[in-house]
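Protein sequence lines correspond, in order, to chains A, B and C.
As numbered in my numbering, residues 4 to 132 make up the first sequence, in order.
As numbered in my numbering, residues 4 to 132 make up the second sequence, in order.
As numbered in my numbering, residues 4 to 132 make up the third sequence, in order.
Each residue gets a CB set at the ideal place from its N, CA and C atoms; glycine is no exception.
What you are looking at is a predicted structure, and each value in this text was computed from that prediction instead of being measured.
Notes follow once the structure below has been shown.
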Amino acid sequence: MVTITIETKKHKEVVDITEEINKFLEKQEKDSGLVFLFALHTTCALTTADLDPGTDLDMLDAFEVIIPKLKYRHPHDPSHVGNHIMSSMIGTFLILPFENKNLVLGTWQRVVLIEFDGPRNRSLKISVI
Amino acid sequence: MVTITIETKKHKEVVDITEEINKFLEKQEKDSGLVFLFALHTTCALTTADLDPGTDLDMLDAFEVIIPKLKYRHPHDPSHVGNHIMSSMIGTFLILPFENKNLVLGTWQRVVLIEFDGPRNRSLKISVI
Amino acid sequence: MVTITIETKKHKEVVDITEEINKFLEKQEKDSGLVFLFALHTTCALTTADLDPGTDLDMLDAFEVIIPKLKYRHPHDPSHVGNHIMSSMIGTFLILPFENKNLVLGTWQRVVLIEFDGPRNRSLKISVI
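So, in structure tokens, the structure goes:
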């Protein structure tokens with residue numbers, strides 16, 4: 004199990020991490036199989052996404068509207084609650100297929116880390132299954 | 004890693020793919036373990052669901068309301084953005100347990116592909132872990 | 004593949020199951036690797052979450068608002084539909100990393116079962132990959 008670090012640059016951001024994972028796969032012994040990713044955080048998420056120009060900002064706008072603006076209890080900072088909820092709803096892990104030391108994805112499909120409370124260094128556990 | 008194709012029939016649809024996966028498992032050497040599924044697409048999703056009659060349409064109605072109707076940037080077709088977002092939120096992969104070459108599911112639990120932009124042929128990578 | 008049972012106490016509840024999984028891992032041969040969890044149900048979900056005091060109730064409040072209140076078709080009990088939808092959106096499985104027979108999680112990260120229709124005994128399939 005290796006830890007890789009993704010440096011996010013903005014408060015909210017969809018970061019394309021596809022090439023980061025491919026770089027990891029190039030160094031592995033196995034040519035094909037499954038790769039596991041896990042974010043050690045509660046205010047970011049991992050998923051796959053279309054990243055046509057502007058779609059990253061579209062997603063963030065939509066998430067902003069989806070999260071209800073309620074009187075939250077969370078003691079640390081009640082305005083964080085929406086970020087925690089999006090992280091729990093989208094999820095913090097991925098399993099992806101690879102062949103020839105490269106991710107197997109759809110034509111428009113990218114692997115993304117969604118930052119809900121950056122900028123930050125995000126630690127991801129990664130391993131080949 | 005094998006690719007199976009699911010032919011969806013409608014623009015939006017919840018397709019029960021449980022038996023498709025069981026057919027794949029029947030042909031495998033291993034009797035029990037875990038099976039991995041991954042959709043090579045950005046406008047469909049994979050998950051488990053209750054499929055009591057009408058619940059598929061209930062889910063689609065709910066998703067339609069959940070996605071905010073904003074002025075999206077996506078250059079290709081801004082009306083697609085909601086479909087991409089639901090795919091990213093629900094997720095495009097599954098890991099499921101199987102025993103005796105059959106999926107182990109709850110009484111009411113089915114494996115579904117949620118089509119957000121059909122009808123289409125959807126390609127799923129599938130492999131036993 | 005082992006089945007563990009989580010007894011939920013309330014109608015809606017976020018249950019911290021981190022220690023339940025660690026107890027399972029302590030009894031395994033492997034010291035490190037990945038652990039798979041799968042809920043055999045359609046009205047609960049598995050994910051990771053921040054559990055600062057009150058955040059569990061914040062999450063449940065937010066989910067209540069996110070689910071549209073529509074005229075659902077579901078024959079059994081239309082008021083259940085929202086619970087099924089949250090289960091399908093959040094997901095019913097997890098893969099988590101472990102080292103030294105303990106889950107590897109972020110500082111604030113816990114493993115949770117979200118109960119949408121309790122109190123109930125919830126069966127989870129669990130196995131080391």
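- The beta carbon of C:A42 sits no closer than 7 Å to any beta carbon of chain A.
- Of the residues C:E16, C:D64, C:V38, C:K30, the one whose Cα lies closest to the Cα of C:V107 is C:V38.
- With a cutoff of 7 Å on beta-carbon distance, C:I98 and A:F96 are scored as near each other.
- Here C:T58 is not near C:F119, since their CB atoms are 7 Å or more apart.
- Between B:L40 and B:L49 the beta-carbon gap is near 6 Å, inside 8 Å, which marks them as a contact.
- By the rule that beta-carbons nearer than 7 Å mark a contact, C:I88 does not touch chain A.
- A:T6 counts as exposed, since fewer than 16 other beta carbons sit within 10 angstroms of its beta carbon.
- For secondary structure counted as the beta strand (DSSP E) over 3 or more consecutive residues, the region 20-74 of chain C holds these complete runs in sequence order: 36-42, 47-53.
- Bridge pairing for C:T6: C:K128 [DSSP].
- For C:R125, the nearest beta carbon of chain B is not closer than 7 Å to its own beta carbon.
- Within its own chain, the residues whose Cβ lies closer than 7 Å to the Cβ of C:E23, once the five positions on either side in sequence are excluded, are I7, I9, listed in chain order.
- Here B:V84 carries a helix assignment [DSSP, helix/strand/coil].
- Looking at the backbone, the Cα of A:K104 and that of A:K128 are separated by about 18 Å.
- Judged by their CB atoms, C:K13 and C:G85 are not nearer to each other than the 7 Å cut-off.
- Taking C-beta separations shorter than 7 Å and ignoring five residues to either side along the sequence, the partners of B:K33 in its chain run V131, following chain order.
- Distance check between C:L63 and each of C:V114, C:E16, C:M4, C:W111 places C:E16 closest, using alpha-carbon atoms only.
- Chain order gives the chain A residues near B:K128 as P100, V107, where near means a beta carbon separation below 8 Å.
- Contact annotation, B:H44 with A:G109: C-beta distance approximately 5 Å; criterion of less than 8 Å satisfied.
- Distances from the CA of C:K26 to each of C:F101, C:Q112, C:I117, C:R123 were compared; the closest alpha carbon is that of C:F101.
- Chain-ordered, the chain A residues with CB closer than 8 Å to the CB of C:D64 read P71, L73, Y75.
- The closest CA to that of A:M4, considering only C:R123, C:P81, C:G36, is found on C:G36.
- Under DSSP, B:L106 forms a beta bridge with B:F101.
- Not flagged as an interface residue toward chain A: C:Q31, since no C-beta distance is shorter than 7 Å.
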